[in-house]
Amino acid sequence: MRKIDLFELMRGRRTILDYKEQKVDRDLLIKLFGHAAYAPNHHLKEPWRIKIFEDEARSAFGEKIVDSYIRYGYLNTLSDEKLKKARQKYDRFFNSVPHHALFYMNKEDNGGYLDDENYAAVCAFIQNFQLAAWSEGIGTMWTAKPTLLDKEFIRDIGLSSTEHRLIAVVQIGYPNRIPRNRGRTPIRNSIEWIQTE
Ligand SMILES: Cc1cc2nc3c(=O)[nH]c(=O)nc-3n(C[C@H](O)[C@H](O)[C@H](O)COP(=O)(O)O)c2cc1C
Numbered sequence: 001m002r003k004i005d006l007f008e009l010m011r012g013r014r015t016i017l018d019y020k021e022q023k024v025d026r027d028l029l030i031k032l033f034g035h036a037a038y039a040p041n042h043h044l045k046e047p048w049r050i051k052i053f054e055d056e057a058r059s060a061f062g063e064k065i066v067d068s069y070i071r072y073g074y075l076n077t078l079s080d081e082k083l084k085k086a087r088q089k090y091d092r093f094f095n096s097v098p099h100h101a102l103f104y105m106n107k108e109d110n111g112g113y114l115d116d117e118n119y120a121a122v123c124a125f126i127q128n129f130q131l132a133a134w135s136e137g138i139g140t141m142w143t144a145k146p147t148l149l150d151k152e153f154i155r156d157i158g159l160s161s162t163e164h165r166l167i168a169v170v171q172i173g174y175p176n177r178i179p180r181n182r183g184r185t186p187i188r189n190s191i192e193w194i195q196t197e
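So, in structure tokens, the structure goes:
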């Protein structure tokens with residue numbers, strides 16, 4: 001059995017912005033998602049659903065995301081010419097990443113607590129996936145923006161805002177460049193030990 005130091009893996013994984021062209025083999029991706037599915041999930045609902053945009057589908061997916069950024073006012077200050085250039089830049093980015101995985105779930109509680117449970121389980125799945133991928137030399141970038149709440153965007157990608165909750169878009173591929181580790185603050189700062197009333 002391959003020996004992986006889990007602590008090294010957790011500390012060594014970095015968010016990757018710059019990817020090689022080479023696609024990750026589909027069977028390997030399926031294997032990694034299969035490992036990720038051992039994430040904790042209440043009542044074994046396995047709420048994760050994934051749409052993976054590859055090849056020719058990447059430009060259209062990227063365009064829909066940029067359309068949503070525009071609706072949210074991110075690119076409002078740009079002139080028509082600059083907006084055109086920004087769109088071209090986004091298009092280059094979306095085509096520079098071999099796979100864009102959109103994670104979502106079915107709503108069952110009208111945005112209530114049960115949906116929060118499932119959302120949490122999908123987040124655990126995503127981090128399991130990121131670590132499993134990193135152990136195979138595959139990089140990822142977890143992104144989440146208000147676009148995930150954009151009804152028009154949700155409809156544009158063939159889902160429904162009443163039935164589905166979008167959770168993240170994760171870029172996947174072999175890293176071209178690995179950013180430096182910026183470290184974390186001492187964990188003691190985040191812990192309170194409570195022993196008496
Ligand atoms: C919910 C969530 C949303 C994120 N959204 C973005 C994003 O929109 N753009 C981005 O570059 N990174 C995004 N990240 C990645 C973080 O920026 C990254 O994890 C952080 O900078 C630490 O870097 P590391 O993952 O290399 O340790 C997101 C991470 C999470 C968990």
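Sequential numbering of the sequence shown, starting at 1, is according to the UniProt record's numbering. For each residue, glycine too, the CB sits at the ideal point set by N, CA and C.
Using the rule of at least 16 other Cβ atoms within 10 Å of the residue's Cβ for burial, across every protein chain shown, is residue 62 buried or exposed? Locating residue 62 in the sequence shown gives position 62, where the first residue counts as 1. Buried, because 16 or more other Cβ atoms sit within 10 Å of the Cβ of residue 62.
Against chain D, with Cβ distances strictly below 7 Å, would residue 103 count as a contact? In the structure shown, chain D does not exist; there is a single protein chain.
Leaving aside the five residues before and after residue 201 along the sequence, list all residues of the same chain whose C-beta is less than 8 Å from its C-beta, in chain order. In the structure displayed, the chain extends from 1 to 197; residue 201 sits before or after that span and is not available.
Can you list, in chain order, every residue whose CB sits closer than 5 Å to a heavy atom of ligand 1? Those residues are 14, 15, 142, 143, 144, given in chain order.
Reducing DSSP to helix, strand and coil, say where residue 51 ends up. Reading the sequence shown from its first residue, position 51 is the one you call residue 51. Under the three-state reduction of DSSP, residue 51 is assigned to strand.
For residue 48, which residues from the same chain have a beta carbon less than 6 Å from its beta carbon, with the 5 sequence-adjacent residues on both sides left out? What you label residue 48 is simply residue 48 of the sequence shown in a count that begins at 1. Contacts found: 122, 125.
Pair every Cβ in the segment 164 to 173 with every Cβ in the segment 100 to 116, then say whether three or more of these pairs are closer than 8 Å. yes
Could you tell me the distance, in whole angstroms, from the CA atom of residue 173 to the CA atom of residue 60? Position 173 of the sequence shown, counted from the start, is the residue given in the question as residue 173. Position 60 of the sequence shown, counted from the start, is the residue given in the question as residue 60. C-alpha separation (whole angstroms): 19 Å.
Tell me, please, whether the segment 18 to 37 touches the segment 132 to 139 by the rule of three or more beta-carbon pairs shorter than 8 Å. Contact holds between the segment 18 to 37 and the segment 132 to 139, because three or more Cβ pairs, one in each stretch, are under 8 Å apart.
Just the Cα atoms here: how many angstroms apart are residue 140 and residue 196? The residue labelled residue 140 in the question sits at position 140 within the sequence shown. The residue labelled residue 196 in the question sits at position 196 within the sequence shown. Those two C-alpha atoms are separated by around 43 Å.
Bridge partners - residue 200, DSSP secondary structure assignment: Limits of the chain in this structure are 1 at one end and 197 at the other, which puts residue 200 out of reach.
Burial state of residue 55, where buried means 16 or more other Cβ atoms lie within 10 Å: What you label residue 55 is simply residue 55 of the sequence shown in a count that begins at 1. Per the 10 Å Cβ criterion, exposed.
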